[in-house]
Amino acid sequence: MSATPRGIRLKDQVCIVTGAGSQRGIGWATVMKFAHEGARHIYVMDIATGELPGLVATLHERYLDVKVAIVEADATDEDAIKSVCERALEETGRLDVVFANAGGGKGGFSTLVKDMSVDDFMGTLKLNVLSCFLAAKYAPQAMSKFAAFIPRQDLYIVNTCSKAAIISVARNAAEENLILRNGVRVNAVCPGIVRTGLTDLLIPTGNDSASNPTPGAIVRIGLAEGRSILVLPEIANVVCFLASTESSYVIGQSYVVDGGLTAPLPMGKLQTNGP
Ligand SMILES: NC(=O)c1ccc[n+]([C@@H]2O[C@H](COP(=O)([O-])OP(=O)(O)OC[C@H]3O[C@@H](n4cnc5c(N)ncnc54)[C@H](O)[C@@H]3O)[C@@H](O)[C@H]2O)c1
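Residue numbers (the working numbering): -2 to 272.
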């Protein structure tokens, strides 16, 4: 990405990205994309901030004009989401984009329903749904123009369930903001399987070029039937499109970005090389 000329899709915009603290994650890649597209100030939030100084250093090295602030907080903490939105507004005078990306699965993705504890089920719902609800609640109050992007779609029940709920949150928040005529847009992004820290255990190594991916590099994982599973920067590209005015007529939608994984559904059968 750094080899391509910088864009202006998010020129001078102020952004918040939650769950940006994993070097191999979707949030991190999206922060890099936002910076590449001219964002002025990016607030990067994560509950685990150990890797974030590396993100700040990379941004300083490549994009001197981009300011970045690390916020160590839980995306399901109401006060934390409220305060980061207010802080962005106070410090910069605006808030343009909130990417409610923090999420995951408690207790492991591959846990069968029969083996899943109530605590893990409720914990996953809380993490994935409440984090998006809070962003949908507080971000519009701080924004004149808004787009929240909410990832969904995983293979296993609790995540599928929680992410389906997120789509409802996005649609309802989109409608509410339309009625309020505040210029705030809400959309959702639904990634397929992306190799990140979250999915290492799901994706077999050795059949792809992604065993040791360069952060931000395009990663394709071969599947039977010539399909490919996925690609970190391509998620960030869609997020960036939805964050920009290029998508001003897109409201309350869910963008599936899965390399064709769900294209054959409900009739098709996709064979993976996986276990
Ligand atoms: N990787 C995939 O295949 C895939 C597919 C569909 C959806 N998603 C969704 O995309 C989002 C990003 O996933 P990823 O694959 O980059 O995962 P990741 O584990 O690489 O990154 C998630 C980040 O969220 C942070 N986080 C977790 N709980 C948090 C909390 N309560 N508050 C703040 N930060 C928190 C983690 O510390 C981590 O840095 C998640 O919502 C995930 O459910 C991922």
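All C-beta atoms in this analysis are idealised placements derived from N, C-alpha and C, irrespective of residue type, glycine included.
In the three-state reduction of the DSSP assignment, residue 40 falls in the strand class, which pools E and B. DSSP, read as helix, strand or coil, puts residue 17 in coil.
Listed in chain order, the alpha helix (DSSP H) elements of length 4 or more contained wholly in the segment 64 to 137 are 75 to 89, 115 to 122. Closest by C-alpha distance to residue 28, out of 95, 87, 125, is 95.
Counting C-beta pairs closer than 8 Å gives fewer than three between the segment 115 to 130 and the segment 29 to 48, which falls short of the contact rule. Put simply, the segment 96 to 104 touches the segment 8 to 22. At least three CB pairs are less than 8 Å apart.
In this structure, the beta-carbon distance from residue 78 to residue 134 falls below 9 Å. DSSP, reduced to helix, strand and coil, places residue 185 within a strand of the structure shown.
Note: residue 252 is bridge-paired with 186 in the DSSP secondary-structure output.
A Cβ-Cβ distance of about 7 Å is found for the pair residue 187 and residue 254, placing them in contact under the 8 Å criterion. If you check the CB distance, residue 139 and residue 92 come in under 9 Å.
Between ligand 1 and residue 191, a heavy atom-to-CB distance of less than 8 Å is present. For residue 8, no alpha helix (DSSP H) run applies, since DSSP gives it neither H nor E. Within the DSSP bridge table, the entry for residue 12 names 39, 94 as partners. Excluding sequence positions up to five before and after residue 8, its CB lies within less than 7 Å of the CB of 35, all in the same chain and listed in chain order. Annotated three-state conformation of residue 0 is coil, per DSSP. In this chain, the alpha helix (DSSP H) harbouring residue 28 covers 23 to 33. The residue from 97, 49, 4, 48 with its alpha-carbon nearest to that of residue 185 is 97. Linking residue 169 to residue 241 through their CA atoms gives a straight-line distance of about 21 Å. In this structure, the straight-line span from the alpha carbon of residue 194 to that of residue 21 is close to 6 Å. Residue 136 places its beta carbon less than 9 Å from that of residue 181.
The alpha-carbon of residue 74 is positioned some 14 Å away from that of residue 122.
Here DSSP, grouped into helix, strand and coil, assigns residue 192 to coil. Boundaries of the alpha helix (DSSP H) around residue 58: 49 to 59. Annotated three-state conformation of residue 167 is helix, per DSSP.
In the structure shown, residue 46 falls within a coil segment according to DSSP collapsed to helix, strand and coil. With 16 or more other Cβ atoms inside 10 Å of its own Cβ, residue 26 counts as buried. Sixteen is the threshold: when 16 or more other Cβ atoms of the shown chains lie within 10 Å of the Cβ of residue 251, as they do, the residue is buried. If you ignore the 5 residues before and after residue 51, its C-beta comes within less than 8 Å of the C-beta of 20, all in its own chain and listed in chain order.
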